[in-house]
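Here's the structure, in C-alpha cells; my notes come after.
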Amino acid sequence: PATGMPTRTCQEDIELVLHAGAGWFPRIIFSPGTIEDAFKLTQKAFNLTQKFHVPVFVLTDQYLVDSYYNIHSLDIDSLEIIKNIIRTDKNYERYCFTDSGISPRGIPGYGEGLVDADSHTHDEFGVITEDPQLRIKAVEKRFKKLDLIKKETVPPEFIGNEDFKYLIVSWGSNYYLIKEALERLDRNDIGFLFFKQIYPIHEKVFDYLIKAEIKISIEQNPTGQFAKLLENETHINMNHRILKFSGYVFSVEEIVSRLKKIIEVS
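Mapping the sequence shown onto our numbering, position 212 (from 1) lands on 260, and the numbers just tick up by one.
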C-alpha cells in the first residue's frame, strides 16, 4: 500500500511506477476510476504490453478495490485479445533492430530459436555487451516505441460546461467523488478533466489546460504527484492543489468546501 497503512487509501505511487527501472524505457500507466474502467483498462494493459513489449501499470488504491455497486453486464465477447508470438527459426534475433522499434516476439520452446533475456544492455541476440554504439542504438530503438504508444493513449474524460473558467484535474478513485461534488455546486463555469491514463499524457490535454483561467488538481498524496507530472509534460502550472493524505478518502462535502474557498478568492 502507498500509505504504510494496509487498510487505508492513498495515491502516492505515481513517481515510483514512472521512474523505477534500470535505465530509461517507455512505459504505460493506467488509473481506473470505476469498476468498468478497471475491467477495460486491465484488458487493454495486457494487449499493449503484448504489442509494444513494455511494462504497463494499472494503478489502483484501497478505496477503489473496496468499492462495490451494481453495473450492467460486461461484454467479454467484444474484447480484443492481441497475440503476437512467432515461431522462431535457428537464426532468430529477439532484439533485432526494426523501423518501429518493436522486435518480433518469440518465446522459449516455440520454434528453433534461442530466446535470451537479460537486464544488462545486450545485442540483437540478447548477449550482454558494453559496446557504446550498440547501447545508443538500443536506447534509440526504445524511444521509437514511445511515439507509437502515444498514438494509443486513452484520452481524458471531460465533464461539465465547455465554457469553463475553473478546470479540475484528477485521476483514479476520485472520479465519482468529484463528479458528485460538482453536481452539488451546480455551477456552469467549472470543468472536470478525469485521467484514466496517467502516462503518456494525451495530446489534447494541453488544449484544456491552456483554456482554463484557474486550474485545480485534486489527489490523495502530500506533494501533488500527478500535478507535477502534468506541469512537467505541458509546462503549464496548476493554480491550486487540493490534497489529502490521512489514509481516509475525500468526502464529497470536503471537496465542495475546499472548492468554494478557492472560488471565493478567485
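Glycine included, every Cβ here is placed at the ideal spot set by N, Cα and C.
Computed from a predicted model, the values in this text were never measured in an experiment.
TODO: Note the first and the last residue of the continuous beta strand (DSSP E) segment covering H288.
DONE: Residues 288-291.
Task: At least three beta-carbon pairs within less than 8 Å, the region 143-156 to the region 110-121 - done: no
Open item on the list: Between W72, I62, I76, V163, which has its C-alpha nearest K198's C-alpha?
Closed with: I76
Open item on the list: Let me check understanding here. Comparing Cα to Cα, which of E128, W72, S121, N118 lies closest to Q98?
Closed with: Of E128, W72, S121, N118, the residue nearest in Cα terms is E128.
Task: Where the alpha helix (DSSP H) containing I310 begins and where it ends - done: 300-312
TODO: Excluding the 5 residues preceding and the 5 following V297 in the sequence, name in chain order all residues of the same chain whose CB lies nearer than 6 Å to its CB.
DONE: T57, Y111
- [ ] Out of T282, E84, A260, state which residue places its alpha-carbon closest to the alpha-carbon of N118.
- [x] E84
- [ ] In the DSSP assignment, find the alpha helix (DSSP H) that holds Q91 and state where it starts and stops.
- [x] 83-100
TODO: Quick one: which unbroken alpha helix (DSSP H) runs of 4-plus residues sit fully inside the region 210-284? Chain order, please.
DONE: Segments of the alpha helix (DSSP H) lying fully in the region 210-284: 223-233, 253-259, 273-282.
Task: Residue environment, V217, which counts as buried when at least 16 other CB atoms sit within 10 Å - done: Its Cβ being crowded by 16 or more others within 10 Å, V217 is buried.
Task: Identity of the residue in E60, I310, V175 nearest S167 by Cα - done: V175
Open item on the list: Whole angstroms are fine: how far does the CA of T169 sit from the CA of K131?
Closed with: T169 has its alpha-carbon roughly 26 Å from the corresponding atom of K131.
Task: E188, enclosing alpha helix (DSSP H) - first and last residue - done: 180-198
Task: Backbone secondary structure at V163 - three-state DSSP - done: V163 carries a coil assignment under DSSP once its states are collapsed to helix, strand and coil.
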